[in-house]
Amino acid sequence: ETGVTQSPTHLIKTRGQQVTLRCSSQSGHNTVSWYQQALGQGPQFIFQYYREEENGRGNFPPRFSGLQFPNYSSELNVNALELDDSALYLCASSLEGGSTDTQYFGPGTRLTVL
Amino acid sequence: GDSVTQMEGPVTLSEEAFLTINCTYTATGYPSLFWYVQYPGEGLQLLLKATKADDKGSNKGFEATYRKETTSFHLEKGSVQVSDSAVYFCALSRTSGTYKYIFGTGTRLKVLA
Numbered sequence: 001e002t003g004v005t006q007s008p009t010h011l012i013k014t015r016g017q018q019v020t021l022r023c024s025s026q027s028g029h030n031t032v033s034w035y036q037q038a039l040g041q042g043p044q045f046i047f048q049y050y051r052e053e054e055n056g057r058g059n060f061p062p063r064f065s066g067l068q069f070p071n072y073s074s075e076l077n078v079n080a081l082e083l084d085d086s087a088l089y090l091c092a093s094s095l096e097g098g099s100t101d102t103q104y105f106g107p108g109t110r111l112t113v114l
Numbered sequence: 001g002d003s004v005t006q007m008e009g010p011v012t013l014s015e016e017a018f019l020t021i022n023c024t025y026t027a028t029g030y031p032s033l034f035w036y037v038q039y040p041g042e043g044l045q046l047l048l049k050a051t052k053a054d055d056k057g058s059n060k061g062f063e064a065t066y067r068k069e070t071t072s073f074h075l076e077k078g079s080v081q082v083s084d085s086a087v088y089f090c091a092l093s094r095t096s097g098t099y100k101y102i103f104g105t106g107t108r109l110k111v112l113a
């Protein structure tokens with residue numbers, strides 16, 4: 001069974017640029033959630049996708065957007081990067097996205113915005 | 001709004017000591033509650049969960065009970081080991097509203113031999 005994978009591992013961008021982060025869900029999972037984790041903080045929920053539809057969103061501006069593909073892999077896009085966007089971005093997959101489901105986390109993508 | 005509050009770390013204990021990491025929450029409705037753990041150099045993984053009031057989650061000697069009356073989900077272990085050194089996150093999830101999952105800020109545990 002393949003776990004959750006993310007790419008790239010590290011990324012450096014400059015302010016104003018756009019970035020796309022990728023996530024491959026665990027086999028059999030149709031739900032993916034994305035999180036932003038600043039240094040020393042807990043993960044902050046960005047949004048969740050269930051069967052290719054957005055199924056919940058946290059307090060993030062519209063320049064954070066996502067996609068989920070028919071094979072349940074996912075992308076997180078961030079436009080007009082700001083310095084405060086520097087963080088570890090985590091994706092997590094789960095079986096059905098219910099409130100009782102266990103989430104399986106990937107290793108994360110470390111984004112640095114200069 | 002909904003929130004999760006964890007005790008500040010770091011927590012430093014000697015091996016075989018008793019561990020408690022406090023977690024309280026504020027939420028409307030009936031959320032599910034989780035403890036996730038992040039070992040050094042590894043990703044977040046589920047430690048235990050409880051999905052309704054009075055449920056007790058347990059795993060690897062860790063326990064936590066969903067207390068609705070005190071809105072708490074404290075993590076306990078009777079005898080910690082060096083291998084338990086990690087960052088522990090309390091979290092809640094709910095199926096409605098804007099914020100679907102909320103994590104605490106994490107508590108770092110260091111166990112000394």
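For the protein sequence lines, the chains are Z and B, in the order given.
Sequential numbering from 1 applies to the first sequence in the numbering used here.
Sequential numbering from 1 applies to the second sequence in the numbering used here.
In this text, a Cβ means the ideal position worked out from N, Cα and C, and glycines have one as well.
Note that the structure is a prediction, hence the values are computed from the model and not measured.
Sequence-ordered contacts of the stretch 43-55 of chain B with chain Z read G43, L44, Q45, L46, K49 and T51 [C-beta pairs closer than 8 Å]. With a contact defined as Cβ atoms closer than 8 Å, Q37 of chain Z and L90 of chain Z qualify at about 6 Å. By the Cβ test, the stretch 84-98 of chain B is in contact with the stretch 27-37 of chain B, since at least three Cβ pairs between them sit closer than 8 Å. Judged by DSSP secondary structure, H29 of chain Z falls outside any beta strand (DSSP E); it is assigned neither H nor E. From the beta-carbon of R94 of chain B, the residues of chain Z found nearer than 7 Å are S99.
For the options Z:L114, Z:W34 and Z:K13, the alpha carbon positioned closest to that of F105 of chain Z is the one of Z:W34.
By the 16-neighbour rule on beta-carbons within 10 angstroms, L21 of chain Z is buried. The beta carbon of K77 of chain B sits no closer than 8 Å to any beta carbon of chain Z. Neighbours of P31 of chain B in chain Z, taken as residues at a C-beta separation under 9 Å, are given in chain order as S99. Scanning its chain for C-beta atoms nearer than 7 Å, with the 5 sequence neighbours on each side dropped, one finds around P107 of chain Z the residues Q6, in chain order. If the five residues before and after K77 of chain B are omitted, its C-beta is found closer than 6 Å to the C-beta atoms of L19, G61 and F62, all from its own chain and listed in chain order. Taking C-beta separations shorter than 6 Å and ignoring five residues to either side along the sequence, the partners of E16 of chain B in its chain run S79, following chain order.
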